[in-house]
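Here is the structure we will look at.
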Amino acid sequence: QTCFLPVLYALSLSTCVPNMHWEEIGEVDEDYAPIHTYQVCRVLEPNQNNWLHTGWTQTQGAQRVFIELKFTLRDCSSLPGGSGTCKETFNMYYYEKREMAGEARYAKIDTIAADESFTELDLGDRIMKLNTEVRDLGPLTRKGFYLAFQDLGACIALVSVRVFYKRCPLLVRSLARFPDTIPGSEASQLVEVVGRCVNNSLALDEAPRMHCSAEGEWLVPIGKCVCQPGFEEVNGTCQECGPGFYRSLLQAGGCSKCPPHSWARESGARVCSCEPAYYKNPADPANMACTRPPSAPRNAISNVNETSVFLEWSVPVETGGRKDVRYNILCRRVLPEGRGLEECGASVRFLPRRVGVANTSVMVADLQSHTNYSFLLDAVNGVSLMANDHARQYVTLNVTTNQAAPSPVSLVRRGASGRSSITVSWAEPDRPNGIILEYETKYFEKEQESSYTIIKSQLTEMVVEGLKPSSAYIFQVRARTSAGYGAFSRRFEFQTSPSCDYYFCITTQQHQLYMESFAGCCHPYRRCGYSKAKQDPEEEKMHFHNGLIKYPGLRTYIDPLTYEDPNQAVHEFAQEIDVSSISIERIIGAGEFGEVCSGPLRLPGKREFQVAIKTLKAGYSEQQRRDFLWEASIMGQFDHPNIIHLEGVITKSKPVMIITEYMENGSLDSFLKKNDGQFTVIQLVGMLRGIASGMRYLSEMGYVHRDLAARNILVNSNLVCKVSDFGLSRVLEDDPEAEYTTRGGKIPIRWTAPEAIAYRKFTSASDVWSYGIVMWEVMSYGERPYWEMSNQDVIKAVDESYRLPGPMDCPEALYLLMMDCWQRERSTRPKFDEIVGVLDKLIRNPSSLKKLVNSSHRVSNLLVEHASVEVDHTTLSQSVGDWLDSIKMGRYTELFMDGGFSSLETVAQMTSEDLRQVGVNLAGHQKKIITNIQEMRVHIINKTTVTI
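With mature numbering (1 follows the signal peptide of the UniProt record, and there is no 0) applied, the sequence shown covers -22 to -1, 1 to 926.
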């Protein structure tokens, strides 16, 4: 906005004081309006110095003003006879003080020259060429100033002088008012102005601001105002929401209609009130409908298995309009003689939990045998606590437990041992469930499981004789009550003493363990021990790993720890990258050793691309540096589209870095949680296929991952899943919670195979178990396996042959594959190449994925028993129906009978084709039955070697 200073604008040059030879001429313009001009033309006289002064002009607060001059000037060459003293310019000056000063006190603004001049010929035609020049003046520090014009010998007429300044006008923007603002004194200066929010509005995040430029323009808006809750913006003002409408958040748009079952009776509502009998949880969003508690669960049933009860029910008819329905179970024991009820104690276990159960089933274990119980089943949701208790509905189930076999013996100890005998002892089971009648001790030579011996005893200790010297034996113990035998304990391995001279091969009384390195019987007068042959330098790289040996030409994983100098492994398997090729743009995470960043990598001859950068924080020790680069030594050996790719390392400068490919979607578990329910089944199977393909490659390389979990799978922008996290060393602790301690943290038990927990047996088969858990994570969109169960409960549940249920909407074919991965015997689990083949078939035949896991037809909707019958000397006395029931395949009893397989002897001869002919068509069921038939055959063949 241009603002003319009123004195000069109103009076033009009438206030100017002529000095010397300037002449004032009064004329009229084409509209007959009076105008004043001043002119001077004494070009023929030497030494001209003619001054013209204006009156006092107030600045009105402006620190920079603009002066517009309009004038005419005659060309010196057109003057008669010419003149050596003629000028074609004049000077402009200013003075700031209130009193007028002499010419010597004025400061020069500029020398003014004409762009257009007129000649003598123009005078005849009355053509006057008018020039316009603008100069700025500043910074001004006083309230006003004088202007002066100096003529040194020009022929000039000063037609108009206008003085003005610029300002930013009043502005209302984003509900903020910015007042008239005068710019600063510098041409490049921006004056920051804080706006004031208009009626019923508030600043959002920060006060609104704009910047006034020297040209009088508003620039660089920052912040804004928004209408207060209960108001909405209409035509730049805030107006109240009408009845039935509300607005709750400052960031929200306009007023919204109240959600279902709520109402706003007055204007300006910030929230809507719920109708009677409807409620809203404080955590619910404002636009969510008011809801109510659910009705009671439906179709509740119980299934008693000795001292365990499996409770199952259906979703309530009325969920209250919410999706967060959960279930609580109250367990009460019926006291004898009608003395009432008492709550079950802390010894009773609920799997997965007692309160807040998400599934429609629960297993209640460790109850007392032959006891009456009453279970109260309650459905709740997010508003149940806000409703009156009488509005909640319950379901009651009364059950009576059976006589139960004793629980497994938890610990078997070794006492004294000789060359041919071992003394073993044990404690009574934690839950005998009756009087212990006897114990059975089963033992066999290690790796000779097909031939074993059973000894019965009524004591908790026995001496086992007739053993081989220097041999390892496996021992298992189980107890029997009137209800039958309990399960065998886990395996315990003990070793007999060597057959050489006891004096020289003595073992300590504390350990009594024979040295693994002993290589034969000792000479009576020589020390026990062994010598290691010196290796050829070329043979140093031929190392064993997981039963595989590295030979030239065979691509096999080599453990970097086998190198005497770990730096040698880094340089052999990882490319060194020049630090100038990498740029760190942002931090995307943090690891144990330092930050994880991303940025572009520019390699010679290749286009620039994004990478992930792991950095080693400052102040590291040499051991930390080796541990950090260890992962790169491992990763650099792998080259597969489903394994995270190592680009290289930076070790010759600080910080030390590991450069890998960049995975845009991060870890698989977090990605699935963010996109819950957003993918098709085929997309999920494709992700699982990629993970299995990567693990097949690692298995063929002879590498055991040990930490396969969804959190260690990375996903790129094309939904390609890649296995990562190779730098961890794991040591099983003796803690009852039993987690694997790693350099990168702790690996939860819930992903680990039972044999890895019990015996530290990490193989590709234990990775298959972990892969089954990953399948469950994927199909449940990142849900935590076993939910909030403690690690000890997970170990116990898995040991008791319980398995995770099929996730919601999970195809039955995928769940059967999971169950195969969770076989107790690792030798019966599928290999990764078989898993890839199964998934390929499912992808090629999508119709096979249509049948979903149905809770009403499953044995359990929470934990599914997946045990194979233990075939011993009593197996063949079972009926076919009993045997099928024991492996949870009792549904096929009639089919077996109709097909002529009415005895276990004939069943033991069945093949896969026989199963298909009798009507067993599900691949998972076929595999389960065949696996147990193979066990039966082994025991039938070897039954003559069994000693009772």
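Virtual Cβ for every residue (Gly too), placed ideally from N, Cα, C.
When burial is assigned at 16 or more other CB atoms within 10 Å of the CB, is D556 buried or exposed?
Here residue 556 refers to the residue found at position 578 when the sequence shown is read from its first residue. Burial call: exposed.
Could I get the ranges of all uninterrupted beta strand (DSSP E) runs contained in the region 57 to 116, with 3 residues as the minimum, in chain order?
The region 57 to 116 contains, as complete beta strand (DSSP E) runs of 3+ residues, the segments 67 to 73, 85 to 91 and 109 to 115 (chain order).
Is P157 helix, strand or coil when you go by DSSP?
Looking up residue 157 in the sequence shown gives position 179. Coil, per DSSP.
In the structure shown, what three-state DSSP assignment does H903 receive?
Sequence index remark: in the sequence shown, residue 903 carries index 925 (1-based). In the structure shown, H903 sits in a helix (DSSP, three-state: H, G or I).
Would you mind working out which of V176, K809, M70 and A791 sits nearest R113, comparing C-alpha positions?
Residue mapping note: residue 113 aligns to position 135 of the sequence shown, counting from 1. The shortest C-alpha separation from R113 is found at M70.
Shortest alpha-carbon distance to R894 belongs to which of A886, K905 and T884?
Reading the sequence shown from its first residue, position 916 is the one you call residue 894. The shortest Cα separation from R894 among A886, K905 and T884 belongs to K905.
Within its chain, find whatever has a CB closer than 6 Å to the CB of P207; leave out the 5 residues flanking it on each side and keep chain order.
Working through the sequence shown from its first residue, we reach residue 207 at position 229. R225, S226 and R248.
Per DSSP, what are the beta-bridge partners of A375 in this structure?
Working through the sequence shown from its first residue, we reach residue 375 at position 397. First, the amino acid is wrong: residue 375 is Leu here, not Ala. In the DSSP output, where bridge partners are listed per residue, L375 has F353.
Run through the DSSP bridge pairs and tell me what I432 is partnered with.
Translated into positions along the sequence shown, residue 432 becomes position 454. In the DSSP output, where bridge partners are listed per residue, I432 has K420.
Looking at T338: is its Cβ nearer than 7 Å to the Cβ of G298?
Counted from its first residue, the sequence shown places residue 338 at position 360. Counted from its first residue, the sequence shown places residue 298 at position 320. Contact: no.
Enumerate in chain order the residues of its own chain whose CB-to-CB distance from C575 is below 7 Å, with the five nearest sequence positions on each side excluded.
Here residue 575 is taken as the residue at index 597 of the sequence shown, counted from 1. The answer, listed in chain order, is I562, R564, I565, I566, I591 and T593.
Ignore the nearest five residues each way along the sequence and tell me which others in D850's own chain have a CB closer than 6 Å to its CB.
Working through the sequence shown from its first residue, we reach residue 850 at position 872. Bear in mind that the predicted position of D850 carries a pLDDT of just 40, short of 50, making it unreliable; the figure below should be weighed with that in mind. Here the set comprises nothing.
Is the beta carbon of N109 less than 7 Å from the beta carbon of D88?
As a first step, residue 109 is located in the sequence shown; it is residue number 131 there, counting from the start. As a first step, residue 88 is located in the sequence shown; it is residue number 110 there, counting from the start. Not closer than 7 Å, so no.
Quick one: grab the DSSP three-state call for Q661.
For the purposes of this step, residue 661 is identified with residue 683 of the sequence shown, where counting begins at 1. It is helical.
What residue from K65, K86, R174 and P161 has the CA that sits closest to A132's CA?
Translated into the one-based positions of the sequence shown, residue 132 becomes position 154. It is K65.
Can you give me the Cβ contacts of S695 inside the same chain, cut-off strictly under 7 Å, excluding the 5 residues immediately before and after it?
Against the sequence shown, residue 695 aligns to sequence position 717. E642 and N643.
Between which residues of its own chain and V327 is the CB-CB distance below 6 Å, once the five residues before and five after are set aside?
Along the sequence shown, one-based indexing puts residue 327 at 349. Before going further, note that residue 327 is Arg rather than Val in the sequence given. So the qualifying residues of the chain are A343 and D344.
Between which two residues does the alpha helix (DSSP H) containing A610 stretch?
The residue given as residue 610 occupies position 632 in the sequence shown. Its alpha helix (DSSP H) spans residues E600 to M613.
Among L692, P294 and I628, whose alpha-carbon lies nearest the alpha-carbon of I621?
If you number the sequence shown from 1, residue 621 lands on position 643. Measuring from the Cα of I621, the nearest candidate turns out to be L692.
If we count the other Cβ atoms within 10 Å of its Cβ and call it buried at 16 or more, is Y481 buried or exposed?
Locating residue 481 in the sequence shown gives position 503, counting from the first residue. The predicted model places Y481 with a pLDDT of 33, which falls under 50 and marks its position as unreliable; any figure quoted below should be read in that light. Per the 10 Å Cβ criterion, exposed.
Quick check on DSSP: helix, strand or coil for S648?
If you number the sequence shown from 1, residue 648 lands on position 670. The answer is helix: DSSP assigns S648 an H, G or I state.
Would you kindly report the start and end of the unbroken alpha helix (DSSP H) that includes A736?
Within the sequence shown, numbered from 1, the residue matching residue 736 stands at position 758. Run containing A736: P732 to Y737, per the alpha helix (DSSP H) assignment.
Specify, as a first and last residue, the run of the beta strand (DSSP E) that V306 falls within.
As a first step, residue 306 is located in the sequence shown; it is residue number 328 there, counting from the start. The sequence given here places Asn at residue 306; Val does not occur at that position. According to the DSSP assignment, N306 belongs to the beta strand (DSSP E) that extends over R304 to V312.
Between which two residues does the alpha helix (DSSP H) harbouring Y793 extend?
Residue numbering aside, residue 793 sits at position 815 when the sequence shown is read from its first letter. Looking at the DSSP string, the run of the alpha helix (DSSP H) that includes Y793 is E790 to C799.
Considering only the alpha carbon of each residue, which of G33, L115 and G116 lies closest to A79?
What you label residue 79 is simply residue 101 of the sequence shown in a count that begins at 1. It is G33.
Across the region 417 to 431 and the region 359 to 377, are there enough close Cβ pairs to call them in contact, namely three or more that are closer than 8 Å?
no
Locate the alpha helix (DSSP H) running through D860, then write down its first and last residues.
Here the question's residue 860 lines up with position 882 in the sequence shown. Element bounds for D860: V858 to S864.
The ligand FAD and W608: does the residue's C-beta get closer than 6 Å to at least one heavy atom of that ligand?
In the structure shown, the ligand FAD is absent, as is every other ligand, since no ligand is present at all.
Assign F587 to one of two classes, buried (16 or more other C-beta atoms within 10 Å of its C-beta) or exposed (fewer than that).
Residue 587 sits at position 609 when you count from the first residue of the sequence shown. Classification of F587: exposed, given that the 10 Å Cβ count is below 16.
From the DSSP output, which residues share a beta bridge with D129?
Within the sequence shown, numbered from 1, the residue matching residue 129 stands at position 151. Paired residue(s): N28.
For F879, name the three-state secondary structure that DSSP assigns.
By 1-based counting over the sequence shown, the position of residue 879 is 901. F879: coil per DSSP, three-state reduction.
In this structure, what does DSSP give as the bridge partners for P578?
Looking up residue 578 in the sequence shown gives position 600. Beta-bridge pairing links P578 to Q588.
Nearest-angstrom Cα distance between T806 and G626?
The sequence position of residue 806 within the sequence shown is 828, counting from 1. The sequence position of residue 626 within the sequence shown is 648, counting from 1. Roughly 39 Å between the two C-alpha positions.
Could you spell out the range, first to last residue, of the alpha helix (DSSP H) harbouring A743?
Position 765 of the sequence shown, counted from the start, is the residue given in the question as residue 743. Unbroken alpha helix (DSSP H) run through A743: S742 to M757.
Mind checking which residues open and close the alpha helix (DSSP H) that includes V896?
Position 918 of the sequence shown, counting from 1, holds the residue named residue 896. S890 to V896 is the extent of the alpha helix (DSSP H) around V896.
Report the three-state DSSP secondary structure of F142 (helix, strand or coil).
Here the question's residue 142 lines up with position 164 in the sequence shown. F142 falls in the strand class under three-state DSSP.
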